[in-house]
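**Student:** Per our numbering, the sequence shown starts with residue 4, numbered consecutively. Yeah, the Cβ is synthetic: ideal placement off N, Cα and C, and Gly gets one too. Keep in mind that this is a model prediction, so the values were computed, not measured. Okay, handing you the structure first.
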Amino acid sequence: QVQLVESGGGLVQPGGSLTLSCAASGSIASIYFLNWYRQAPGYQRELVARISDSRGTKYADSVKGRFTISKNNAENTIYLQLNSLKPEDTAVYYCSADDPDFSGTLWGQGTQVTVSS
Numbered sequence: 004q005v006q007l008v009e010s011g012g013g014l015v016q017p018g019g020s021l022t023l024s025c026a027a028s029g030s031i032a033s034i035y036f037l038n039w040y041r042q043a044p045g046y047q048r049e050l051v052a053r054i055s056d057s058r059g060t061k062y063a064d065s066v067k068g069r070f071t072i073s074k075n076n077a078e079n080t081i082y083l084q085l086n087s088l089k090p091e092d093t094a095v096y097y098c099s100a101d102d103p104d105f106s107g108t109l110w111g112q113g114t115q116v117t118v119s120s
């Protein structure tokens with residue numbers, strides 16, 4: 004079973020940038036959906052971005068034009084570039100993987116992003 008480990012979170016000022024990474028313990032090349040979710044205190048976990056070889060990329064309306072999801076199959080890593088950050092982007096960010104061969108969604112442990120002056 005592939006394991007996912009996020010890194011790259013931290014404290015950043017409004018308008019700043021961060022790059023989140025999600026390292027997989029196995030190959031991600033054939034995984035159908037690779038995703039970034041986030042969960043703020045008191046809110047449900049929400050899909051931020053998704054990447055699929057067959058379906059391309061998808062973004063939440065709130066992050067379109069500011070966040071970019073990408074993956075490097077050779078490094079088995081998924082990235083999320085966060086630009087023009089706003090205080091409302093503050094949340095724990097999780098990467099996940101979905102595939103018909105999996106018994107359920109695979110999740111990482113999350114990384115905290117805090118946007119504050």
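I need the straight-line Cα distance from Trp-39 to Gly-19, nearest angstrom please.
**Tutor:** Position 36 of the sequence shown, counted from the start, is the residue given in the question as residue 39. Position 16 of the sequence shown, counted from the start, is the residue given in the question as residue 19. Spanning the two alpha carbons is a distance of roughly 19 Å.
**Student:** Out of curiosity, what's the CA-to-CA distance linking Arg-41 and Gln-47?
**Tutor:** As a working note, residue 41 is residue 38 in the sequence shown. As a working note, residue 47 is residue 44 in the sequence shown. Rounded to whole angstroms, the gap between the alpha carbons of Arg-41 and Gln-47 is 8 Å.
**Student:** Determine, using beta carbons only, whether Glu-9 and Gly-107 come nearer to each other than 7 Å.
**Tutor:** For the purposes of this step, residue 9 is taken as the residue at position 6 of the sequence shown. For the purposes of this step, residue 107 is taken as the residue at position 104 of the sequence shown. The answer is no: Cβ separation not under 7 Å.
**Student:** In terms of DSSP beta bridges, what is Arg-53 paired with?
**Tutor:** Looking up residue 53 in the sequence shown gives position 50. Arg-53 is bridged to Asn-38, Lys-61.
**Student:** Please identify the residue among Ser-57, Thr-114, Asp-102 whose C-alpha is closest to the C-alpha of Leu-83.
**Tutor:** Here the question's residue 83 lines up with position 80 in the sequence shown. With distances taken between Cα atoms, Leu-83 lies closest to Thr-114.
**Student:** For Ala-94, is the classification buried or exposed, using 16 other Cβ atoms within 10 angstroms of its Cβ as the cut-off for buried?
**Tutor:** What you label residue 94 is simply residue 91 of the sequence shown in a count that begins at 1. The residue is buried, with at least 16 neighbouring Cβ atoms inside 10 Å.
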